[in-house]
Amino acid sequence: MRVNTGQVLFFSLMLTRRMVSTRSIIRLIVIGLLILSGLSACKTGSISSSENPLSKAAETSRQEDSDPTEVLESTSTPQPTLAPTDIPEPTPQPTEAKVEMITITIVFDNYPYKKGLKTAWGFSAFITYKDQNVLFDTGISGSILLENMSKMNINPLEVQNVALSHEHNDHIAGLPALLSAGADPKIYLPPSFSPYLKNQYRKQAEVIEVVPGHPIAERISSLGEIQGPPAEQALVIDTPQGLVVIIGCAHPGVEKMVLAAKRQFHEQIYLVMGGFHLGNASSNEVKKIINEFKRIGVVYVAPCHCTGDQAIKQFKEAFGDNFISVGVGAVIEIEG
Ligand SMILES: [Zn+2]
Ligand SMILES: [Zn+2]
């Protein structure tokens, strides 16, 4: 039912013509105003969410203010029952959801990037998202790995997961130093790792043999073992922009690994980074791989480690602004 102010006052005044007492007139006007305030209270109350504590407080204050017995006994001018303070506070707008970043930090590489960090043959990248992290590969030297991590304020004790791409020393030799430092990560590796290494790791940590699409952390999975030799896993990060594929040394063939990621996860390949293993490839072979990347729809490339200077140059020319120059200390952030 909708009644407006004019209707209520008119109704009150019509009745007052037949009545004599001034006190009765005042009473009727008060009743009219009370009806109006009641209607307004219902109307405003329905806007706010009942779960909103602010609107609940406003309702309580309105109920207390409009005690009918108190107002009817009064002979003075009735106070409006909807004082400005009774107007519900505007419902707070929901604050924008905080954007969580996926951060990829290259902590070990033979290419320099950030001053003050050591380079040596090998690769390692530290990936964080929300409160989870994965260290992908560990470089050839534990002392250099720990030194670089320390300079980039990455605490080795906070490493939750380690994924090893393949069992070559320039990717796994940093692990013992990390474990000796007190880190207690889960270790994800391709099933074809040698039984000797698996047993060594099992003495100090939980070892998990990956299957295709194996989840490691939120948004971060293993591609699974791709046949080499040696067999190798890559890391796949699922971002809103597409897949980020991080590759250790690409022994099975970089284009083969990227294609496997696309087929397995059915998403656009946003970025391919790491070692593309093209140090000995001819410029024609590199050209073919670049063409294959374009055909697959790779958006960005960030080659390093074993890609080879000549191949890096060709990728830079082919990808232009979508070529990302990286080395040890490079940090790539992507909205998660
Ligand atoms: Zn290798
Ligand atoms: Zn390598």
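Heads up, the sequence shown is in my numbering, so the first residue is 49 and it goes up one at a time.
C-beta: ideal position from N, C-alpha, C; glycine also.
From a predicted model like this one, the values you see are computed outputs, not experimental measurements.
The three-state reading of DSSP puts K361 in helix, counting H, G and I together. Contact annotation: A173 and I154 have beta-carbon atoms nearer than 8 Å.
For N217, the enclosing alpha helix (DSSP H) has its first and last residue at 217 to 220. Counting only beta-carbon distances shorter than 7 Å to the non-hydrogen atoms of ligand 2, the qualifying residues in chain order are G170, F171, H216, D218, H219, G296, C297, G323, H353, C354. Bounds of the alpha helix (DSSP H) holding A308 are 302 to 313.
Nearest in C-alpha terms to P300, of all of F313, A253, A282, is A282. One alpha carbon belongs to Q312, the other to E257, and they sit about 18 Å apart. No heavy atom of ligand 1 is found nearer than 7 Å to the CB of H262. Within the segment 221 to 269, complete alpha helix (DSSP H) segments of at least 4 residues are found at 223 to 228, 243 to 250, given in chain order.
Here DSSP, grouped into helix, strand and coil, assigns A298 to coil. CA-to-CA, the gap between D286 and S213 works out to about 18 Å. Taken through DSSP and simplified to helix, strand or coil, V376 comes out as strand.
Annotated as proximal: G356 and A329, with beta-carbon spacing under 8 Å. The way I'd put it, the segment 249 to 263 doesn't touch the segment 197 to 204; fewer than three beta-carbon pairs between them come closer than 8 Å. Inter-residue distance for E333 and Y318 is about 23 Å (C-alpha atoms, whole angstroms).
The straight-line gap separating the alpha-carbon atoms of G290 and E315 is approximately 6 Å. Between V306 and V346, the C-beta spacing is below 8 Å. In terms of side-chain proximity, the C-beta atom of H314 is found no nearer than 7 Å to any non-hydrogen atom of ligand 1. Sequence-distant partners of V379 (beyond 5 residues in either direction) whose C-beta falls short of 6 Å from its own C-beta, in its chain, are T153. Q180 and P263 have their C-alpha atoms roughly 12 Å apart. In this chain, the beta strand (DSSP E) harbouring N209 covers 209 to 211. For a cut-off of 8 Å, the C-beta gap from V293 to A309 is around 5 Å, short enough to register as a contact.
Straight-line measurement puts the Cα of D185 at about 8 Å from the Cα of D218. DSSP, read as helix, strand or coil, puts D157 in strand.
Taking C-beta separations shorter than 7 Å and ignoring five residues to either side along the sequence, the partners of G272 in its chain run V258, V259, P260, G261, H262, Q281, following chain order. Here the C-alpha atom of V374 lies approximately 13 Å from the C-alpha atom of F324. In this structure, the straight-line span from the alpha carbon of F171 to that of I344 is close to 25 Å.
Looking at the DSSP output, I337 sits in no beta bridge, so it has no partner there.
Counting the other Cβ atoms within 10 Å of the Cβ of Q275 gives fewer than 16, which makes it exposed. In this structure, I150 lies away from G322, with their beta-carbon atoms at least 8 Å apart. Going by DSSP, N181 is part of the beta strand (DSSP E) stretching over 180 to 184. Residue pairing for M321: DSSP places it in a beta bridge opposite I294, A350. DSSP lists no bridge partner for F367.
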